[in-house]
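Engineer: Chains as they are written, first to last, in numbering that gives the first Met the number 0: chain A, 0 to 242; chain B, 0 to 412; chain C, 0 to 285; chain D, 0 to 303. Glycine residues also receive a C-beta, built at the ideal position from the N, C-alpha and C atoms. Take this structure first; my questions come after.
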Amino acid sequence: MNGPAAGLELRDVVAGYGGQPILHSISFSVQPGERLVVVGPNGSGKSTLMKTVVGLLRPMSGAVRLGGADVTALGAPARAALGLAYIPQETNIFRNMTVLENLHVGYEFVAPSKGPTFSERLEAVLGLFPEIRVKLRSTAGHLSGGQRQMVAMAAALMPKPTVLALDEPSAGLSPRNAGLLFEVIGRVAASGVTMLIVEQNTQLGLGAADQGIVLVNGHVRLAAPAMTVRTDPEIRRLYLGGV
Amino acid sequence: MPLEMIVLNSSFFPRRFLLAASVAMAAALACPAIASAEEGPVRIGLLAPLTGTGGPYGQEEEQAARAAVKIINDAGGVLGRKLELVVADDESQPTAGVAAARKLIDVDKVVSIGGVWSSAVALAIKPIVLEKGVLLSTVGSADEITDGDNKRLVWRFQTNGKSWGEGFSKAMVKDGVKSASILVLQTPFTQSTIQPFRKAFTEAGGKVLDEVSFNAGQPSYRTEVERIFAKKPDAVFVAAYINELSAIAKEAFRSGYESKIYAFGNAAGSNGQFVKNVGANVAEGVVWTQQVPVGKSVAYSRYLKEIGKPEGTIMTFGAQVFDQIVLTALAIEKAKSTDATKFGGEFPSLVNGDAPSLGDPAEALKALREGKPFRYAGAASDFRFADNGDQTNLSYGHFVIKSGESKLLGEIR
Amino acid sequence: MGQLLVNGIVAGLLLALPALALSLTFSVLRFANYAIGSYLTCGAYLVYIGNVVLGMPLWLAAGAGAILFAVLAVAIDWLAYRPLRDRSGVTLLVASMGVAIALENVIRFFAGNSPRAYDVAVARPIRLGDVRLNHEQLTILMVVIVALAVVWIVFRFTRLGRMMRAVADNPDLAAVRGITRSRVVACVWLISGILVALSGVLVGLDANIEPQMGWTYLLPVFTATILGGIANPMAAVAGALTLGIAEEFATLVMPVHYRMIVTFLVMVALLLLRPWGLFGTRWVTK
Amino acid sequence: MTAYLIATLTVVAIAALVGLALNLQWGMGGLVNFGLFGFYMLGAYIAGLLTVQGAPPLVALAVAMIGVAALSAVSALISVRLSEDYLAIVTLGFAECLRLVISYEGWLTRGMLGVTGIERPFQNLWPRGFADIGFLAIALFAVLIVYATLQGLARSPFGRLVRATRDDPGVVEALGKSVLNVRVRVFAVGGAILGLAGGLHAFYYTYIDPTQFGPIITAYAFMAVVVGGRGSNRGVLVSAFTLIFLLEGSRFLVDYVHGLGASELAAIRLFIVGVGLVVLLIFKPDGFGREPRSTLAAKSSSSL
């Protein structure tokens, strides 16, 4: 835990619902610019972990640090203002608003007033996702699954976040679309954004990450470089159900 | 769990609830020291519609009752005792009316209940007064109130629906109305005027075009007004109270209709409140009828003087309640008893007699004590009582509103 | 026939503002505010104070009263609903009934039961051929259309509008996009407070001002809102117009006094056949 | 005074029945019935009209209970598969419409004139002067039966299912039970109790008319349940008692508080009811009573 301030760090976090902890003393950190993937079986607490990170769920104990600052007491809007962007699983766009409005909302409540303007960011983001340029006036809810995922990513990237949290980005996508998406994730990562990804598809997820964490029953069972997790047959047999 | 166990279970009533309940009970029991029947003031009850649909008339009733009680007490009270008025609110609603009446009878030990504006309340408390032997005088006009064996305990100080309905027909005929429509509020009183009106009006050669009934407190009366006025009858009989009449008159005016509106005195007269509600323009030409004293009534002037209103003010419910209290006092004095089953029967003899009319309650009381023959000529009307408890021999004033003022056109009998 | 249509449209427009307000609060707060009738009454009386007691012209009194009531609506939310926000919608529903009773009786306490009217002279109607349009109807027409246009513009084209729509659409996502919910909630109460108070004035102009006035509007307002699809504010306006016209035309075939039953039957039929509303898209219930 | 207390206690008994019915529907079942007064009114009318037509009062009462239960079930069917907001407005609409029909269909209901001369059950059994006490005994007996039944129900497996449906319909659905079925049955049983209460109302007053029934009955019932503690039948009994005595007590206030008219006092009284409802929901959400649960239910709920 030495070196530069971590992009994102959790220390001894216990969290859950209605007084029942689901996460037990979770600690990890993601260095700036690094990509960390959390994998694990269903019901292991991955979504709870994500909600705790972005501030939708207040931890019972422990601390969450963002860019070196303690954000444990802050809610989701305040964490967003500090540069944390989040793409939830599945319902990750405003379905009754147009694509452009989605991008607008992604930008205007978070972006610092001195930073790049909306149109500058719009151009930058559309550069990453050229597919949605023609769809700007469409209602987001009418788009295909893959396009929605693009819009969600684009909206999250609008304020130029420093940390991006993705919850199951490939859920509900065809293998081809999932592949395309992870290509984009790779491009985004290349621009220096710190990333925390929760992924069901271990192959795809680990393939796009630097570090990997295996979460089982709310405990961190293993933390290792993504390549190790991905290739070590023992780990895969023990925690990731073969294949 | 067997039933007896539930009852015997010591924790059935948690302690703090028992406490709260006993406080409430104590409050109930700490009611005014109950006067024994033989000494202290004679208690009479007023069950007034202080809230609810009758709300606009409740204050008027209370004021009138207090005025009458004061006059009687100033004249020495009855049987050498003072009258004491106990007022209760019936919320214009039978369930509240029954609870309030029970309180008046069982707790305050009143010998009579006056006021009782709503016919529904009168119908609801009638079984109780008959059982307990308390006098009921009402201003409700539903015909059913006086039906059946009333043991001479129920007296109506109001025209009944039948004669009022006929009164309207006569007024219209007099005004040369050929066709009329009816807008009627859903209450026992207003409805009871409709059939008699229809019958009398058709028999006199008039034509009833349409009839629409409506509820109290509707958000809007536009649809009703459209239905009735669009057929352009000469006149529209609006059988409703002041709230609904105000809304309907306004609606008809701004919808551009010209039919003449006929309304009850307690709605359109009501001491100028109607004109205040709708403005002189809308009120212009509205006709109303009301039972009135023949010529100039001494009792009515006395009433107005007591409540400090100028001569010419029209407050019909007040005048009726004034008569109720005065007659109750006179009957007690005459029967030499505060037992309603005894003094209740005296009501007709006090007004029906063939003797000089007296209007001042104090004078009437004096005449009674001196044994001089007289009959009481009421404030609301120079009425007689029929055996069933209804008033007869009523005459109706036929008024029209001109430039915001009610003008008496004549009398209808 | 033309007259029926005009009257129906005006009746529908009268329902439109409270229906819009109800739908707005529902879409953001996910609870049906049963106090909306009392809100309407309260707004009408506040304006009455300005107009009759203080002698302001009606438009000024309406403006001041609407803003005052909007602040009051936020205060009520703060006192009564905010502490219950985490509880079930049912609890909020019952609480709103409590709020309704309390508000109505505050009014009764100060103003009594007698009906009142604004200080506006009643005039003869404007005639357009066979169709008559009275001045109050004209006022209702103009005020409602302007108010709807303003709300539509705010919704569509402003940051505030996007904020509200985002929270209504997906509250969690809105939070992670930096939108503070409590601020949106306050804005929603302000806007719906203004709308409801204005509709109170219009209802008062159309009929009387009395403590029960809002209560009688409750069922139609809810029906109009459900007709539109309760979570879809602009569709509530369409629902209100539909209901207004339907009620008016129903009087051709059934007694006038059974209009309420028409409202009720429309609602029941809708709930059985298209519970997500005539105009709304399917909305998933809890 | 005694007569007055007897009369008031009878009102308490009827209010307790209404409270118990709502406590089943809302307290235990989580179903908001804003149209409660309509079902109560229906019970009163069925019982009253049948009695006047010559049916024995007890038969009339039974028909009232069955009729109201059936209609409750239907109105629940219309809306319970949607959220609670809809059920609330549907029941309210139903009640308001029912009141309209009763007001206007005079050939059937005697309209605004109301139904007079309703005969009480066992009217001629009591010696003269004891009729009111006799009727009070009947009313209290009804409360006792209903209370015992509901306590039994609360502890039964069905009671557990009802509470589970209230707390998390999803879980119940996942267990393969029909939420709709549970809700319709809860509403029907509650309706039967409301029918009983309404019937007793008709017998007690011997005269019914549409103005006796209004939304305020619903408000008082909710107040009783919230004060008594949602789900606690005993709490509801006690709170109905307290509430009616406080309301009746306020009648005596007019004799003492001067400067305030009756209409102001009525407004204050209802204002307190409204504010009290909100304040209790916020600060004392469980009221003053406790929900009866069998040990089994307690176990199963803690394991959820």
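1. Across which residues does DSSP place L264(D) in a beta bridge pair?
2. Would you say T115(D) reaches chain B, if we count a Cβ-Cβ gap shorter than 8 Å as a contact?
3. Taking a cut of 8 Å between CB atoms, which residues from the segment 73-99 of chain B lie near chain D?
4. Less than 8 Å separating the beta-carbons of W433(B) and A318(B)?
5. Given a threshold of 16 other Cβ atoms within 10 Å of its Cβ, counted over all protein chains shown, does M27(D) qualify as buried or as exposed?
6. Give the secondary structure of A262(B) by DSSP, where H, G and I count as helix, E and B as strand, and everything else as coil.
7. Buried or exposed for Q24(D), please, with buried defined as at least 16 other CB atoms from any protein chain shown within 10 angstroms of its CB.
8. Taking N159(B) as the reference, give the member of R253(B), V176(B), V41(B) and I193(B) with the closest Cα.
9. Look at A378(B) and S296(B) and say whether their C-beta atoms are less than 8 Å apart.
10. Measure from the C-beta of F39(D) to each C-beta in chain C and report whether the shortest distance is under 8 Å.
11. Name the one or two DSSP bridge partners that Y16(A) has.
12. Taking the alpha-carbon positions, what's the A116(C) to D338(B) distance?
13. State buried or exposed for T230(A), treating a residue as buried only when at least 16 other CB atoms are found within 10 Å of its CB.
14. Using a Cβ-Cβ cutoff of 8 Å, what residues of the segment 86-105 of chain D are near chain B? List them in chain order.
15. Going by beta-carbon coordinates alone, are K426(B) and V153(B) separated by less than 8 Å?
16. Beta strand (DSSP E) containing F213(B): first to last residue?
17. Sorted by chain position, which residues of the same chain lie with C-beta nearer than 7 Å to Q62(B)'s C-beta, five sequence neighbours on each side aside?
18. Per DSSP, what kind of secondary structure is E410(B) in: helix, strand or coil?
19. What do you reckon, are the CB atoms on A235(C) and V261(C) nearer than 8 Å?
20. What residues from chain C crowd round F117(A), counting only those whose CB sits closer than 7 Å?
21. DSSP puts I143(D) in a beta bridge; with which residues?
22. Mind the definition here: the segment 22-39 of chain A touches the segment 141-148 of chain C only if three or more C-beta pairs lie below 8 Å; say whether that holds.
23. Does the CB of P76(A) have a neighbour CB from chain C at under 8 Å?
24. Scan the segment 86-117 of chain C for residues whose Cβ lies nearer than 9 Å to a Cβ of chain B and list them as they occur along the chain.
25. Do we get a CB-CB distance below 8 Å when we pair R197(B) with the residues of chain D?
26. For S162(B), which of helix, strand or coil comes out of DSSP?
27. Exposed or buried, I152(C), counting other C-beta atoms within 10 Å across all chains shown (16 or more means buried)?
28. Where does A79(A) sit, in a helix, a strand or coil, going by DSSP?
29. With a cut-off of 8 Å, does the C-beta of A266(D) fall near any C-beta of chain C?
30. Less than 8 Å between the beta carbons of L103(B) and Y206(D), yes or no?
31. Since I believe G66(A) is in contact with E33(A) (beta carbons under 8 Å), could you give me their beta-carbon distance rounded to a whole number of angstroms?
32. What do you reckon, are the CB atoms on S178(B) and G205(B) nearer than 8 Å?
33. If you follow the alpha helix (DSSP H) that Q415(B) is in, where does it begin and where does it stop?
34. Using a Cβ-Cβ cut-off of 8 Å (strictly less than) and excluding sequence neighbours within five positions of N214(B), which residues of its own chain qualify?
35. Less than 8 Å between CB atoms is the rule here; does G105(A) satisfy it with respect to chain C?
36. Nearest-angstrom Cα distance between S35(B) and A100(B)?
Structural biologist: According to the data block:
1. Position 265 of the fourth sequence, counting from 1, holds the residue named residue 264(D). Looking at the DSSP assignment, L264(D) forms no beta bridge with any residue, so it has no partner.
2. Here the question's residue 115(D) lines up with position 116 in the fourth sequence. Cβ-Cβ to chain B under 8 Å: yes for T115(D).
3. Here the close residues are V85, V86, A87, D88, E90, S91, Q92, P93, T94, V97, A98 and A99.
4. Beyond the ends of chain B as shown, which are 0 and 412, falls residue 433(B); an answer cannot be given.
5. What you label residue 27(D) is simply residue 28 of the fourth sequence in a count that begins at 1. With 16 or more other Cβ atoms within 10 Å, it is buried.
6. For the purposes of this step, residue 262(B) is identified with residue 263 of the second sequence, where counting begins at 1. Here A262(B) sits in strand by DSSP.
7. The residue given as residue 24(D) occupies position 25 in the fourth sequence. With at least 16 other beta carbons inside 10 angstroms of its own, Q24(D) counts as buried.
8. Translated into positions along the second sequence, residue 159(B) becomes position 160. Taking N159(B) as reference, the option from R253(B), V176(B), V41(B) and I193(B) with the minimal CA-CA separation is I193(B).
9. Here residue 378(B) is taken as the residue at index 379 of the second sequence, counted from 1. Here residue 296(B) is taken as the residue at index 297 of the second sequence, counted from 1. Result yes, Cβ atoms of A378(B) and S296(B) sit closer than 8 Å.
10. Numbered from 1 along the fourth sequence, position 40 holds the residue referred to as residue 39(D). Going by the sequence as given, residue 39(D) is Tyr instead of Phe. Not closer than 8 Å to any Cβ of chain C, the Cβ of Y39(D) fails to qualify, so no.
11. Position 17 of the first sequence, counted from the start, is the residue given in the question as residue 16(A). In the DSSP output, where bridge partners are listed per residue, Y16(A) has Q19(A).
12. For the purposes of this step, residue 116(C) is taken as the residue at position 117 of the third sequence. For the purposes of this step, residue 338(B) is taken as the residue at position 339 of the second sequence. Rounded to whole angstroms, A116(C) to D338(B) spans 48 Å at the Cα level.
13. Start at 1 with the first residue of the first sequence, and residue 230(A) comes out as number 231. T230(A) should be labelled exposed.
14. If the cut-off is 8 Å between Cβ atoms, the segment 86-105 of chain D has L99, S102 and Y103 near chain B.
15. Outside the modelled stretch of chain B, which goes from 0 to 412, sits residue 426(B), for which no answer is possible.
16. Locating residue 213(B) in the second sequence gives position 214, where the first residue counts as 1. Residue range K206 to F213 is occupied by the beta strand (DSSP E) that includes F213(B).
17. Against the second sequence, residue 62(B) aligns to sequence position 63. Listed in chain order, the non-local C-beta contacts of Q62(B) below 7 Å within the same chain comprise I306 and G317, local neighbours out to five positions each way being set aside.
18. The count along the second sequence starts at 1 and reaches residue 410(B) at position 411. E410(B): strand per DSSP, three-state reduction.
19. By one-based count along the third sequence, residue 235(C) stands at place 236. By one-based count along the third sequence, residue 261(C) stands at place 262. Note that the C-beta distance between A235(C) and V261(C) is not below 8 Å.
20. The sequence position of residue 117(A) within the first sequence is 118, counting from 1. Ordered by position in chain C, no residue passes the 7 Å Cβ test against F117(A), which lies about 11 Å from the chain.
21. Indexing the fourth sequence from 1 puts residue 143(D) at position 144. According to the sequence displayed, residue 143(D) carries Leu and not Ile. BP columns for L143(D) are empty, so no partner.
22. Contact fails between the segment 22-39 of chain A and the segment 141-148 of chain C, because fewer than three Cβ pairs, one in each stretch, are under 8 Å apart.
23. Start at 1 with the first residue of the first sequence, and residue 76(A) comes out as number 77. Taking Cβ atoms only, chain C reaches closer than 8 Å to P76(A), which makes this a yes.
24. Hits within the stretch, in order: R107, G111, N112, S113, P114, R115 and A116.
25. Here residue 197(B) refers to the residue found at position 198 of the second sequence. False, the Cβ-Cβ gap to chain D never drops below 8 Å.
26. The count along the second sequence starts at 1 and reaches residue 162(B) at position 163. DSSP places S162(B) in the helix class (H, G or I) of the three-state scheme.
27. Start at 1 with the first residue of the third sequence, and residue 152(C) comes out as number 153. It is exposed - the Cβ of I152(C) has fewer than 16 other Cβ atoms within 10 Å.
28. Residue numbering aside, residue 79(A) sits at position 80 when the first sequence is read from its first letter. Helix at A79(A).
29. Translated into positions along the fourth sequence, residue 266(D) becomes position 267. Closer than 8 Å: yes.
30. As a first step, residue 103(B) must be located in the second sequence, where it is residue number 104. As a first step, residue 206(D) must be located in the fourth sequence, where it is residue number 207. At a Cβ-Cβ threshold of 8 Å, L103(B) and Y206(D) do not count as neighbours.
31. By 1-based counting over the first sequence, the position of residue 33(A) is 34. By 1-based counting over the first sequence, the position of residue 66(A) is 67. Wrong, their Cβ atoms sit about 13 Å apart, outside the cutoff.
32. Translated into the one-based positions of the second sequence, residue 178(B) becomes position 179. Translated into the one-based positions of the second sequence, residue 205(B) becomes position 206. Yes, these two residues count as a Cβ contact at 8 Å.
33. With chain B covering only 0 through 412, there is no way to say anything about residue 415(B).
34. Translated into positions along the second sequence, residue 214(B) becomes position 215. Excluding its 5 nearest sequence neighbours in each direction, N214(B) has C-beta neighbours in its own chain below 8 Å: L184 and Q185, listed in chain order.
35. Numbered from its first residue, the first sequence carries residue 105(A) at position 106. Closer than 8 Å to some Cβ of chain C, the Cβ of G105(A) qualifies, so yes.
36. By one-based count along the second sequence, residue 35(B) stands at place 36. By one-based count along the second sequence, residue 100(B) stands at place 101. In this prediction, S35(B) scores a pLDDT of 44, lower than 50, which makes its location untrustworthy; the coordinate-derived value is nonetheless stated afterwards. Between S35(B) and A100(B), the C-alpha separation is close to 19 Å.
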